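Chemist: Shown below is the structure under consideration.
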Amino acid sequence: MVKDVAAAIIVRDGHVLMARRAPGQNLAGYWEFPGGKVEPGETIQTCIARELAEELAITCEPGEIMMRHLHRYEGGTINLIAIHVRMTCEKWQLSVHDDARWIGADALMALRLAPADIPVARAVRDELLAATDRRP
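Counting from 1 along the sequence shown, just add 732 to a position and that's the residue number in the working numbering.
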């Protein structure tokens with residue numbers, strides 16, 4: 733069975749928000765786009781708003797889906813759905829992560845990324861670099 737998982741792509745000033753999974757969690761120490769599993773009856777937009785509020789105390793405006801990526805872990809397959817999100821607050825609070833940071837395009841692929849997040853990170857890096865190339 734494939735589980736839908738939402739991943740927030742939050743960009744500010746040419747950097748994307750990434751969070752590191754805390755010790756004791758599955759994939760502890762790996763960096764990921766914040767988000768989580770879609771619950772029955774939820775849209776992807778409702779899910780990402782709920783997950784960001786629960787995990788990081790972030791308020792947001794969910795946008796359009798950026799991409800989808802199927803990834804097989806030992807425990808099952810996920811359909812990672814990356815969605816553009818506009819953060820409507822200035823700060824976050826850690827609860828299930830032990831770190832969160834704004835990461836630039838040049839450093840994104842150097843992180844120890846959760847395997848499912850790697851293709852999304854490549855696409856985000858390319859978007860960030862393309863946006864930088866368009867600046868006057």
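The beta carbon of each residue, even a glycine, is placed where N, CA and C say it ideally should be. None of the values given here were measured: they were computed from a predicted structure.
Contact between the region 735 to 749 and the region 822 to 835 is defined here as three or more beta-carbon pairs at a separation below 8 Å; is this criterion met?
Modeler: A contact exists between the region 735 to 749 and the region 822 to 835.
Chemist: Report the option in MET733, HIS801, ILE797, CYS792 whose CA atom is closest to the CA atom of GLU822.
Modeler: In the sequence shown, residue 822 corresponds to position 90, counting from 1. Among MET733, HIS801, ILE797, CYS792, the Cα nearest to that of GLU822 belongs to CYS792.
Chemist: Quick one: grab the DSSP three-state call for ALA751.
Modeler: Here the question's residue 751 lines up with position 19 in the sequence shown. Note: ALA751 maps to strand in three-state DSSP.
Chemist: Taking the straight line between their C-alpha atoms, what separation do you get for ASN811 and ASP849?
Modeler: Counted from its first residue, the sequence shown places residue 811 at position 79. Counted from its first residue, the sequence shown places residue 849 at position 117. The alpha-carbon atoms of ASN811 and ASP849 are separated by roughly 11 Å.
Chemist: For VAL852, which of HIS829, GLN825, VAL828, ALA814 has the nearest alpha-carbon?
Modeler: In the sequence shown, the residue the question calls residue 852 occupies position 120. Closest by alpha carbon: ALA814.
Chemist: Look at the alpha carbon of ARG804 and the alpha carbon of GLU796, and state the distance between them as a whole number of angstroms.
Modeler: Reading the sequence shown from its first residue, position 72 is the one you call residue 804. Reading the sequence shown from its first residue, position 64 is the one you call residue 796. About 24 Å.
Chemist: With distance defined between alpha-carbon atoms, name the residue in GLY808, GLU806, ALA862, GLU787 nearest to ALA751.
Modeler: Taking the first residue of the sequence shown as position 1, residue 751 is located at position 19. Closest by alpha carbon: GLU787.
Chemist: In angstroms, rounded to a whole number, what distance separates the CA positions of PRO755 and ASP858?
Modeler: Here residue 755 is taken as the residue at index 23 of the sequence shown, counted from 1. Here residue 858 is taken as the residue at index 126 of the sequence shown, counted from 1. Computed Cα separation, rounded: 30 Å.
Chemist: For PRO772, would you say it is in contact with chain D, using Cβ-to-Cβ distances shorter than 9 Å as the test?
Modeler: Looking at the structure shown, chain D is missing, and only one protein chain is on hand.
Chemist: Excluding the 5 residues flanking MET733 on each side, which residues of the same chain have their C-beta closer than 8 Å to its C-beta?
Modeler: The residue given as residue 733 occupies position 1 in the sequence shown. Cβ within range, chain order: GLY808, THR809.
Chemist: Starting from ILE776, trace the alpha helix (DSSP H) both ways and give me its first and last residue.
Modeler: What you label residue 776 is simply residue 44 of the sequence shown in a count that begins at 1. ILE776 -> alpha helix (DSSP H) spans 776 to 788.
Chemist: May I ask you to report which of helix, strand or coil DSSP gives VAL770?
Modeler: Position 38 of the sequence shown, counted from the start, is the residue given in the question as residue 770. Correct three-state label for VAL770: coil.
Chemist: Report the option in LEU826, ARG753, LEU784 whose CA atom is closest to the CA atom of ILE741.
Modeler: For the purposes of this step, residue 741 is identified with residue 9 of the sequence shown, where counting begins at 1. Nearest of LEU826, ARG753, LEU784 to ILE741, Cα basis: LEU784.
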